[in-house]
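Read the structure below first, then the notes.
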Amino acid sequence: MREHNRTIIHPGQMEQQMTAPHVHPAPAGTGKRRTFLGYLALMGPAFVVGAWQFGPGNLTTAVQAGSRFDYSLVWVIAVSTILMIFFTDMSVRLGIVTPTSLITSIKEHLGKPVGILAGFGVFGITLMFSVGNAVGSGLGLSLVFGGSPVVWTVVCTAAVGFVLAFRNVYGIVEKVLLVIVVLMGIAFIASTIVAQPDWYRTMAGMAPSLPPGSEILIVALVGTNFSINAAFYTSYGIKAHRRTRADYRDITLADTIPGIIAPGIMTTLVILVAASVLGKTGAEAGTINALASVFAPLAGPVGSMLFALGLSGAAFSSMIANATAGGTMLSDAMGRGANAGSPAARIVTGMILAFGLIITLSFQSSPVGLIVIAQSLTVLIAPLLGVLILVMANRSSLMGELRNRWWQNLFGAIGLIAIVASSIRLITLLIG
7 MREHNRTIIH PGQMEQQMTA PHVHPAPAGT GKRRTFLGYL ALMGPAFVVG
57 AWQFGPGNLT TAVQAGSRFD YSLVWVIAVS TILMIFFTDM SVRLGIVTPT
107 SLITSIKEHL GKPVGILAGF GVFGITLMFS VGNAVGSGLG LSLVFGGSPV
157 VWTVVCTAAV GFVLAFRNVY GIVEKVLLVI VVLMGIAFIA STIVAQPDWY
207 RTMAGMAPSL PPGSEILIVA LVGTNFSINA AFYTSYGIKA HRRTRADYRD
257 ITLADTIPGI IAPGIMTTLV ILVAASVLGK TGAEAGTINA LASVFAPLAG
307 PVGSMLFALG LSGAAFSSMI ANATAGGTML SDAMGRGANA GSPAARIVTG
357 MILAFGLIIT LSFQSSPVGL IVIAQSLTVL IAPLLGVLIL VMANRSSLMG
407 ELRNRWWQNL FGAIGLIAIV ASSIRLITLL IG
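Quick note on numbering: the sequence shown equals residues 7 to 438 in the working numbering.
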């Protein structure tokens, strides 16, 4: 692959400006044919996004969806996953073509205030996600090792802070998250086989419906599965791997599509298991004990352990990615460099972890309800990030032949409508 005279920018070692004018690489799709190992080497950025997306908040809202509304909300996951693929794809192309980081490029093209607002918007979303990560980490580890969930929340937060204190951790984090995603997939597939859900009713759940009392939960499901902030961060991972236009089509097949579909499938499986197990008893997963016993009725301690391992993996992977992304992008917005190891990024990362820990320690009576509310609030900020991605992906002077096509803009518009509608609905519910 031909190298160009430029400084590559990535999450571990980002700089603000290019050392030479940007030169467009070869058009997309002109690279030579790849081997199987070559395709595997392209996997990474979208799976990091998927690991961030599939956190305890995602898992918790999925359990509540299945236990309270049976199979009727499966359609939300299907629609959210499709829209997530389109926005992640836009971010991939932006990561390929932008000579600097995405937020820095937004400052240059749309104005400095807009870039700063985007950085603070992502930071706000990561604060909300940090609550679910903190709650989920304590619960998952307490199920595996015993002891108080609060103590394990403190231990897990400190462990993540220690890991993120090292320099240039992105490559290591990416590989760890890939392994965790695979293991979580195996655990939830096994759990589904044990639960034996009703597949006919699952297919019926693909038809959109709005069961009474499901509004907040639907908003939360959209906020966790159609995660604009996670899609936004994909461009940073693409920049880290020095991808070019010639890589674009292969990235789509090897990384973007499977990396986003994987958490969608796992979320759907959790809904099916919850509907099959808790739906039969009419119970709801509104407490820690109910959440922990999702699989126990069918598989006893083994089922509970599968759930605990899945929850622990989701919490740990999402906590790492969430804190890293929030710290990096707010630092970038403030002009302190898009470097995860910079002093500003480290301070912001610590703030994100501390916020999740403090809120978790302050509201222990209803942790599951806390997660759902926190995930719902993320859709208030997502419209801004969605608009920015869509606008930047349509700039001909920047994107060249990778500019959005009409059908990509169509799905982008549908995604924005969905997010804006969710935000309006959430505001009306909160006011009411």
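Just so it is clear, CB atoms sit at the ideal spot from N, CA and C, and this is done for glycine as well.
- For G265 and A424, the gap between their C-alpha atoms comes out near 22 angstroms.
- I358 carries a helical assignment under DSSP once its states are collapsed to helix, strand and coil.
- Under the 8 angstroms Cβ criterion, the region 318 to 328 counts as touching the region 62 to 72, having at least three qualifying pairs.
- L278 and A226 have their alpha carbons spaced roughly 18 angstroms apart.
- A contact is defined here as three or more CB-CB pairs under 8 angstroms, and the region 414 to 432 meets this definition with respect to the region 86 to 101.
- Closest in C-alpha terms to F168, from the list Q70, I387, M325, T240, comes M325.
- Per the Cβ contact rule, the region 101 to 118 is not in contact with the region 221 to 236 (fewer than 3 Cβ pairs under 8 angstroms).
- Contact annotation: T273 and F60 have beta-carbon atoms nearer than 8 angstroms.
- The Cβ-Cβ distance between S136 and I358 falls below 8 angstroms.
- W413 and G270 have their C-alpha atoms roughly 22 angstroms apart.
- Bounds of the alpha helix (DSSP H) holding L149 are 118 to 151.
- It is roughly 20 angstroms from the alpha-carbon of A427 to the alpha-carbon of V128.
- Considering only T106, W158, V393, the residue with the shortest C-alpha distance to I234 is V393.
- Rounded to the nearest whole angstrom, the CA to CA distance from I437 to R431 is 10 angstroms.
- Excluding five sequence positions before and after V161, none of the CB atoms of its chain fall closer than 6 angstroms to its own CB.
- Following the DSSP letters along the chain, one finds S86 inside the alpha helix (DSSP H) bounded by residues 80 to 103.
- Between the region 196 to 211 and the region 114 to 129 there are fewer than three C-beta pairs closer than 8 angstroms, too few to call the two in contact.
- 8 angstroms or more divides the Cβ of G347 from the Cβ of N139.
- Given a length threshold of 4 residues, each whole run of the alpha helix (DSSP H) inside the region 209 to 254 is given here in chain order: 221 to 231, 234 to 246.
- DSSP, read as helix, strand or coil, puts G61 in coil.
- When the alpha-carbon of S220 is set against those of A71, V385, P105, the nearest one is in A71.
- Around the beta-carbon of T434, fewer than 16 other beta-carbon atoms lie within 10 Å, marking it exposed.
- As the crow flies, the alpha-carbon of M405 is around 35 angstroms from that of G356.
- Annotation for A164: the continuous alpha helix (DSSP H) segment containing it runs 155 to 169.
- D261 and S86 have their C-alpha atoms roughly 18 angstroms apart.
- A straight-line Cα-Cα distance of about 27 angstroms links A388 and E407.
- Per DSSP, the unbroken alpha helix (DSSP H) holding V397 starts and ends at 388 to 398.
- In this chain, S348 is not harboured by any alpha helix (DSSP H), its DSSP state being neither H nor E.
- With distances taken between CA atoms, R401 lies nearest to E114 out of I83, E114, V55, W58.
- One thing to note: G191 has its Cβ no nearer than 8 angstroms to the Cβ of M335.
- In this structure, Y254 sits away from V55, with a CB-CB distance that is not shorter than 8 angstroms.
- Taking N328 as reference, the option from G343, M340, A360 with the minimal CA-CA separation is A360.
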